[in-house]
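Comments concern the structure below.
Protein chains in written order, with my numbering: chain V, 382 to 626; chain R, 382 to 626.
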């Protein structure tokens with residue numbers, strides 16, 4: 382999370398353009414899955430880690446959450462959040478989760494969409510989250526799927542034939558956890574690969590119990606709107622975990 | 382489990398030869414991981430699903446289990462078990478788990494090594510296991526890793542360059558659960574691919590809580606004894622789950 386690629390002007394310009402497309406992975410796959418995993422939000426005290434432009438925080442308030450603390454490391458993101466999704470019950474903070482302090486048992490629900498693969502010390506962050514969550518509280522997050530982050534390469538992982546047809550997805554280096562430098566919109570985006578076992582066991586070791594795992598599949602409608610998303614059936618891009626304290 | 386490839390004479394001949402090698406995946410990777418996940422077995426009532434030649438059942442008795450019910454669908458396997466690993470506290474039964482009946486809460490510990498990917502109806506078997514397990518009982522199993530079973534192909538999934546160097550592992554068809562016909566020792570071995578999310582959620586939906594996941598890595602010693610096992614660092618062959626009722 383401390384990596385702040387979102388304040389790189391070129392990255393941000395391209396990312397904003399991507400997010401504003403009516404058909405993108407966030408709108409068609411990630412956000413519908415995240416919303417499907419939420420409990421009733423009525424009167425919940427929430428923390429959203431990596432809140433971006435604040436659409437999700439706004440959604441939570443519209444669905445009767447009591448209050449959302451919404452963290453992001455990017456001032457670019459937060460200035461859009463403040464102008465487009467400001468609300469008296471949303472507290473936007475320019476803050477990395479690693480540096481954020483809150484009293485124990487403060488939140489009923491903690492969420493994070495596609496941000497924890499930027500975190501270097503996953504265990505420390507999960508320890509923090511487990512402390513901030515009240516007993517029976519819910520933690521729901523998505524990360525890039527370990528199948529997708531495993532291979533140490535800057536090239537894409539889809540392998541094509543000479544006619545440009547996708548043959549299969551290349552997997553490698555699965556057990557080598559750590560930095561993956563990728564080209565995504567710009568060069569040198571740093572993400573961290575962890576195995577599925579590490580992700581799950583870290584939660585359990587910090588007193589969280591696994592409630593559900595989701596490897597989302599695109600709906601028929603999503604495939605009609607963005608045909609290339611059909612490849613999600615061949616290998617998952619995202620992994621969701623819902624856990625309880 | 383009802384598929385009984387182990388009573389195919391050609392398969393069995395080759396399988397036996399494989400298992401008798403001092404360095405194979407069972408000895409170097411699967412069994413050490415399974416044993417590392419076991420609780421203290423003292424005085425436990427155990428069920429081993431897909432017991433094969435009975436070495437594991439014998440190990441459990443040596444480690445003070447009270448009794449092991451050991452099921453297998455292969456009479457070839459069980460005749461070796463009876464001659465090499467017979468014990469008054471082990472009850473070998475020629476039985477598929479799907480057809481096995483036991484009273485509720487009967488077992489303290491249920492294990493299964495690399496057999497549940499032969500089961501067609503995973504949910505029904507997990508329901509059965511959850512019923513047969515006593516409260517606080519432990520269920521530990523390994524299956525072929527969904528990363529390894531995903532791709533619908535009879536060829537191998539390692540992709541080589543012209544010099545025969547392994548380039549990467551091919552992943553595909555991940556979300557298409559169901560039959561995978563593979564060539565393993567003989568043609569037409571039928572296994573079932575399921576996603577990681579399906580495996581985990583099926584356990585949770587039947588009242589089991591996830592205690593640990595393991596994607597085993599070979600030890601230095603294992604790599605010295607069988608250098609080709611190093612490729613397990615590039616993609617996992619096995620997935621272990623330890624769950625509690």
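For every residue, glycine included, the Cβ atom is placed at its ideal position computed from N, Cα and C.
I'd like to know if residue i contacts chain V, where contact means its C-beta is closer than 7 Å to some C-beta of that chain.
| i | result |
| --- | --- |
| residue 392 of chain R | no |
| residue 453 of chain R | no |
| residue 427 of chain R | no |
| residue 414 of chain R | no |
Bridge partners for residue i per DSSP, in chain order?
| i | result |
| --- | --- |
| residue 323 of chain R | Lying before the first or after the last residue shown, residue 323 of chain R is absent from chain R, which here runs from 382 to 626. |
| residue 490 of chain V | V:427, V:519 |
| residue 590 of chain R | R:625 |
| residue 550 of chain V | V:539, R:552 |
| residue 595 of chain V | V:621 |
| residue 504 of chain V | Note: residue 504 of chain V sits in no beta bridge, so no partner. |
| residue 514 of chain V | V:488 |
| residue 525 of chain V | V:619 |
Let me make sure I understand the geometry here. Which of the options has the alpha-carbon closest to that of residue i?
| i | options | result |
| --- | --- | --- |
| residue 487 of chain V | V:516, V:605, V:464, V:431 | V:516 |
| residue 613 of chain R | R:514, R:587, R:525, R:569 | R:525 |
| residue 444 of chain R | R:470, R:520, R:537 | R:470 |
| residue 493 of chain V | V:483, V:478, V:482, V:485 | V:478 |
| residue 401 of chain R | R:585, R:418, R:436, R:420 | R:436 |
| residue 454 of chain R | R:406, R:393, R:409, R:427 | R:393 |
| residue 485 of chain R | R:502, R:497, R:426 | R:426 |
| residue 553 of chain V | R:592, R:556, R:548, R:555 | R:548 |
| residue 463 of chain V | V:446, V:434, V:618, V:388 | V:434 |
| residue 606 of chain R | R:406, R:395, R:396, R:586 | R:406 |
| residue 475 of chain R | R:510, R:602, R:460 | R:460 |
| residue 570 of chain R | R:446, R:534, R:483 | R:534 |
| residue 578 of chain R | V:600, V:594, V:579 | V:594 |
| residue 621 of chain V | V:584, V:561, V:423, V:545 | V:584 |
| residue 599 of chain V | V:587, V:589, V:617 | V:617 |
| residue 572 of chain R | R:397, R:430, R:451, R:497 | R:497 |
| residue 505 of chain V | V:410, V:482, V:417 | V:482 |
| residue 514 of chain R | R:439, R:440, R:429 | R:429 |
| residue 465 of chain V | V:440, V:448, V:446 | V:440 |
| residue 442 of chain R | R:458, R:431, R:467 | R:467 |
| residue 421 of chain V | V:398, V:574, V:413, V:446 | V:446 |
Give me the chain R residues within the contact set of residue i, using Cβ-Cβ distance strictly less than 8 Å, ordered along the chain.
| i | result |
| --- | --- |
| residue 556 of chain V | 596, 598, 613, 614, 615, 617 |
| residue 590 of chain V | 590, 591 |
| residue 532 of chain V | 549 |
| residue 477 of chain V | Those within 8 Å of residue 477 of chain V in chain R number zero; the least Cβ separation is about 28 Å. |
With 7 Å set as the bound, which would you pick, yes or no: does the beta-carbon of residue i sit closer than that to a beta-carbon of chain R?
| i | result |
| --- | --- |
| residue 552 of chain V | yes |
| residue 401 of chain V | no |
| residue 535 of chain V | no |
| residue 382 of chain V | Interpretation of residue 382 of chain V is limited by its pLDDT of 47, a score under 50 that renders its predicted location unreliable; the figure taken from the coordinates is listed afterwards. Chain R contact via Cβ: absent. |
Find the residues of chain R that neighbour residue i, judging by a C-beta separation of less than 9 Å, and give them in chain order.
| i | result |
| --- | --- |
| residue 581 of chain V | 581, 591, 593, 594 |
Name the chain V residues whose beta carbon is nearer than 7 Å to that of residue i?
| i | result |
| --- | --- |
| residue 576 of chain R | 596 |
| residue 528 of chain R | 528, 552 |
Using a C-beta to C-beta distance shorter than 8 Å, which residues of chain V count as neighbours of residue i?
| i | result |
| --- | --- |
| residue 585 of chain R | 591, 592, 593 |
Residue ranges of each beta strand (DSSP E) run of no fewer than 3 residues wholly in the region 429-483 of chain R, ordered along the chain? 448-453, 471-475
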